[in-house]
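Note sheet for the following structure.
2 protein chains.
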Amino acid sequence: MPVSIIPPVLNPDLRKSAAANSAAAKPKGAFILAAEKAQNPSLNYLLGTLPAADMASLSEHLELVPLRLGDMLYEPNTQLQHAYFPTSAIVSLHYVTASGASSEISGVGNEGMVGISLFTGGNTTPSSAMVHTSGYAYRLERSQLKTEFNRNGKLQQILLRYTQALITQVSQTAACNRHHSVEQQLSRWLLLTLDRITSGEFVLTQELVANMLGVRRESVTAAAASLQDIGCISYRRGHISVINRKDLEKCSCECYAVVRKETQRLLGVS
Amino acid sequence: MPVSIIPPVLNPDLRKSAAANSAAAKPKGAFILAAEKAQNPSLNYLLGTLPAADMASLSEHLELVPLRLGDMLYEPNTQLQHAYFPTSAIVSLHYVTASGASSEISGVGNEGMVGISLFTGGNTTPSSAMVHTSGYAYRLERSQLKTEFNRNGKLQQILLRYTQALITQVSQTAACNRHHSVEQQLSRWLLLTLDRITSGEFVLTQELVANMLGVRRESVTAAAASLQDIGCISYRRGHISVINRKDLEKCSCECYAVVRKETQRLLGVS
DNA sequence: TGCTGTCTGTACGCTACCGAACATATGAGA
DNA sequence: TCTCATATGTTCGGTAGCGTACAGACAGCA
Numbered sequence: 001m002p003v004s005i006i007p008p009v010l011n012p013d014l015r016k017s018a019a020a021n022s023a024a025a026k027p028k029g030a031f032i033l034a035a036e037k038a039q040n041p042s043l044n045y046l047l048g049t050l051p052a053a054d055m056a057s058l059s060e061h062l063e064l065v066p067l068r069l070g071d072m073l074y075e076p077n078t079q080l081q082h083a084y085f086p087t088s089a090i091v092s093l094h095y096v097t098a099s100g101a102s103s104e105i106s107g108v109g110n111e112g113m114v115g116i117s118l119f120t121g122g123n124t125t126p127s128s129a130m131v132h133t134s135g136y137a138y139r140l141e142r143s144q145l146k147t148e149f150n151r152n153g154k155l156q157q158i159l160l161r162y163t164q165a166l167i168t169q170v171s172q173t174a175a176c177n178r179h180h181s182v183e184q185q186l187s188r189w190l191l192l193t194l195d196r197i198t199s200g201e202f203v204l205t206q207e208l209v210a211n212m213l214g215v216r217r218e219s220v221t222a223a224a225a226s227l228q229d230i231g232c233i234s235y236r237r238g239h240i241s242v243i244n245r246k247d248l249e250k251c252s253c254e255c256y257a258v259v260r261k262e263t264q265r266l267l268g269v270s
Numbered sequence: 001m002p003v004s005i006i007p008p009v010l011n012p013d014l015r016k017s018a019a020a021n022s023a024a025a026k027p028k029g030a031f032i033l034a035a036e037k038a039q040n041p042s043l044n045y046l047l048g049t050l051p052a053a054d055m056a057s058l059s060e061h062l063e064l065v066p067l068r069l070g071d072m073l074y075e076p077n078t079q080l081q082h083a084y085f086p087t088s089a090i091v092s093l094h095y096v097t098a099s100g101a102s103s104e105i106s107g108v109g110n111e112g113m114v115g116i117s118l119f120t121g122g123n124t125t126p127s128s129a130m131v132h133t134s135g136y137a138y139r140l141e142r143s144q145l146k147t148e149f150n151r152n153g154k155l156q157q158i159l160l161r162y163t164q165a166l167i168t169q170v171s172q173t174a175a176c177n178r179h180h181s182v183e184q185q186l187s188r189w190l191l192l193t194l195d196r197i198t199s200g201e202f203v204l205t206q207e208l209v210a211n212m213l214g215v216r217r218e219s220v221t222a223a224a225a226s227l228q229d230i231g232c233i234s235y236r237r238g239h240i241s242v243i244n245r246k247d248l249e250k251c252s253c254e255c256y257a258v259v260r261k262e263t264q265r266l267l268g269v270s
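Set out below in C-alpha cells:
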C-alpha cells in the first residue's frame with residue numbers, strides 16, 4: 001500500500017527572510033525557467049482582481065519566492081507561516097493515509113492560494129502542500145494575510161469565492177475517486193494542470209502523477225499509453241505533452257468541466 | 001451505473017412563510033419524533049457558540065422547520081434561499097454524476113450549517129443537499145445570513161472555522177474513496193452519523209447508505225453483515241444500531257478520527 | 001389475518017485495479 | 001562517448017467491487 005512520495009526538498013530560498021526579497025532574480029531561482037518573464041503579482045488571478053489601491057497597500061508585504069518540485073509548503077498539523085499565491089508554480093494539496101498511500105485533494109495554481117486555513121482560523125490542516133510544478137509564487141506573512149482579510153475589502157471577497165471554488169474541486173475529486181476510471185481521472189488531472197501552465201508540456205514523471213491520483217504507477221503507464229494511442233497526448237521520460245486538447249476532454253469525465261466552469265463562474269477566470 | 005436516489009419529497013412545511021413559524025409544534029412536524037424535546041437554536045453548535053447579544057438579534061430571524069427524509073434543501077446550480085442549521089436532522093451534501101451515480105461529499109448535522117455558498121458569494125453549487133435523517137433545523141434567509149456574516153462578529157468567525165471543518169471532511173472523503181474498503185467506509189459513515197444523533201439507532205435502509213457511500217446496495221449488505229458478525233452493530237429492516245462503538249472504531253479507517261479531531265479542534269464540539 | 005410492496009440475502013461472472021517482480025530504455029552527467 | 005540511476009514497459013496472479021438476477025422475509029396496511 002505505501003506509495004513512495006518524492007523526498008521533500010529543502011529549498012533554502014523558502015527559509016530566507018523578507019529582506020532577501022530579490023532572491024528570485026538571482027541564479028537560485030533563475031534556473032527554473034530561463035525564459036520566464038519578469039514576475040508580477042497580478043499573474044495570480046486572486047491578486048490580479050484587487051483594485052489598485054488595495055494592491056498598493058499589499059504589495060510591500062508580498063515576497064516573490066521560487067518554488068521547486070518537491071518543496072513542501074506545509075505538512076500535516078504544523079503551523080503555516082505564509083499564504084502562497086502561485087504565479088507559475090503549481091502546488092498539490094494532498095493527504096497521506098496512515099498506511100502511507102497518498103492522494104491529491106486539490107491542485108492550486110495561479111488561480112488560487114495555498115493557506116486557506118490562515119483566514120478561516122484553523123491555522124493547520126491534516127493535509128500537506130507539495131510543489132509539483134516548479135515556478136514562482138508570491139507569499140504573504142500569516143499576520144499580514146489575517147489583517148488584510150479582516151479589512152472586509154475585495155481581498156476578503158475574492159478569497160471567500162476562491163474557498164468555494166476549492167470546495168468544489170475537492171468535492172469533485174471525492175466523487176471522481178469513487179466513480180471514474182484511472183484514464184478519466186488522468187485526463188481530468190492533465191486538463192486541470194494544463195489550465196495552470198502556459199507551455200502545454202508538463203515536466204513530471206508518471207510516478208509523480210500516480211502519487212497525485214493515488215493509484216499505482218503502472219496504472220498511469222497504461223492510461224497514458226492509451227491516451228497516446230488515441231493521439232491526445234505524447235510523452236517521453238519525464239515529460240507529458242497535450243497534443244489534442246479536445247480529444248482529451250472527451251476522454252475525461254465531466255469532473256473537469258464542472259470544476260472549470262465553477263472556477264470561471266466564481267472567480268471570473270480559469 | 002445509475003444508482004437510484006430516493007425520490008425527492010416535497011415537504012410542504014418548507015414552503016411555508018416565516019409567518020408560520022410555529023408550524024413545527026403542530027402535527028405536521030410532531031410525527032417525526034414524538035418524544036423529541038422542545039427545540040432550541042443552541043442545539044446547533046454553531047448557533048450555540050454565539051454570545052447572548054448576537055443571538056438576540058439573530059433569533060427573531062431564525063425559523064424552525066421540520067426536515068424529512070428525502071427533502072432536498074438545494075439542487076445543483078439553483079439559488080439557495082436559506083441557510084439551514086440542523087438541530088436534530090442530518091443532511092447529506094452529495095454529487096450526482098453525469099451517469100446518475102451519487103456519492104456523499106459531506107454530512108451536516110447539529111455541528112454545522114447547510115448553505116456555505118451563501119456567504120462565500122457563489123450562491124449555488126454543483127452538488128445537492130438531501131435530508132437523510134428526519135428532524136429539525138433552524139433556517140435563516142439568505143439576505144439575513146449575509147447581513148449577519150458581514151457584521152464580522154462571532155458568527156463570521158465560527159462560520160469560517162466551520163468552513164475549514166467542512167473542507168477537512170470533504171478532503172477525507174476524497175482520500176477515503178480512493179484508498180479504503182467499503183467496510184471501513186461504512187464504519188466511518190456510521191460513526192460520523194452517530195456523533196450527530198442522540199439515539200444510537202439509525203432509521204435508514206441499506207439502499208440509502210449505499211447511495212451515500214456511492215457503492216452498490218449489495219456491497220453495503222455484505223459489509224453490514226460482516227460488522228454484525230463481529231458484534232459492532234445489529235440491524236433489521238430499515239434500522240441499524242451501533243452495539244459496540246469501540247470495535248466499530250477499530251473497523252473504520254483513520255478518516256473518522258481525523259474528521260472528528262479536526263471538528264473538535266476547530267469548533268470545540270462534537 | 002392475509003396481501004403486497006419493499007428491504008435484505010445470495011449467487012454468478014466480469015472487470016478494473018492492485019501488488020510484486022523483472023525487463024528495457026532513456027538521458028543527464030562524468 | 002559511456003555509464004548508470006531512474007523512468008517506463010510488461011507480465012501474472014489475486015481480489016474488491018460491479019452488474020445482474022432472483023429468492024426470501026419482514027412490516028405496514030387493508
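Those sequence lines, one after another, are chains A and B.
full-length UniProt numbering puts the first residue of the first sequence at 1, with every later residue one more than the last.
full-length UniProt numbering puts the first residue of the second sequence at 1, with every later residue one more than the last.
Glycine included, each C-beta is placed from N, C-alpha and C at the ideal position.
This one's a predicted model, so the numbers in the text were calculated from it and none came from an experiment.
Within 7 Å of the CB of Glu262/A, the CB atoms of chain B belong to Pro126, in sequence order along the chain. Each of Gly153/B, Tyr45/B, His180/B, Lys250/B was checked against the Cα of Ser57/B, and the nearest Cα belongs to Gly153/B.
Approximately 6 Å separates the beta-carbon atoms of Leu46/B and Phe85/B; this is inside 8 Å, confirming the contact. Tyr74/A is outside the set of residues whose beta carbon lies under 7 Å from a beta carbon in chain B.
Chain order gives no chain B residues near Ala225/A, where near means a beta carbon separation below 8 Å; the closest approach is about 22 Å. Within the region 106-156 of chain A, complete alpha helix (DSSP H) segments of at least 4 residues are found at 117-120, 142-149, given in chain order.
Arg265/A has its alpha-carbon roughly 12 Å from the corresponding atom of Ala257/A. Here the region 110-125 of chain B does not lie against the region 205-221 of chain B, with fewer than 3 beta-carbon pairs under 8 Å apart. When beta bridges are read from the DSSP output, Val203/B appears opposite His239/B. For Leu160/B, a Cβ of chain A is located within less than 7 Å of the residue's own Cβ.
Between Met130/A and Ser92/A, the gap from beta carbon to beta carbon is short of 7 Å. In this model, Glu183/B and Gln81/B are separated by some 37 Å (Cα to Cα). Less than 7 Å divides the Cβ of Ile105/A from the Cβ of Ser171/B. Between Cys251/B and Ser187/B a beta carbon distance of about 4 Å is seen, short of the 8 Å cut, so the two are scored as contacting.
Taking a C-beta distance under 7 Å as the contact criterion, Gln156/B and His61/B do not qualify as a contact pair.
A residue is called buried when at least 16 other Cβ atoms come within 10 angstroms of its Cβ; Asn40/A does not meet this threshold and is exposed. If you draw a straight line from the Cα of Gly70/B to the Cα of Ser42/A, it is about 46 Å long. If you compare the alpha carbons of Gly238/A, Gly100/A, Arg139/A with that of Ser127/A, the shortest gap goes to Gly100/A. For Glu63/B, the beta-bridge partners assigned by DSSP are Arg139/B.
Using a Cβ-Cβ cut-off of 7 Å, Gly48/B is close to nothing in chain A; its nearest Cβ partner there is about 17 Å away. Thr221/A is the residue among Leu73/A, Thr221/A, Val114/A whose C-alpha sits nearest the C-alpha of Ile240/A.
For the UniProt domain "HTH crp-type" (180-246) of chain A, the set of residues with a beta-carbon nearer than 9 Å to any beta-carbon of chain B comprises His180, Leu213, Gly214, Val215, in chain order.
At a cut-off of 7 Å, the C-beta of Asn77/A has no neighbouring C-beta in chain B.
No Cβ of chain B is located within less than 7 Å of the beta carbon of Val114/A. If you ignore the 5 residues before and after Phe202/A, its C-beta comes within less than 6 Å of the C-beta of Ile240, all in its own chain and listed in chain order. Residue-level contact check: Ile90/A does not touch chain B, since none of the beta carbons of chain B fall below 7 Å from its beta carbon. Between Thr87/B and Ala165/B a beta carbon distance of about 18 Å is seen, past the 8 Å cut, so the two are scored as non-contacting.
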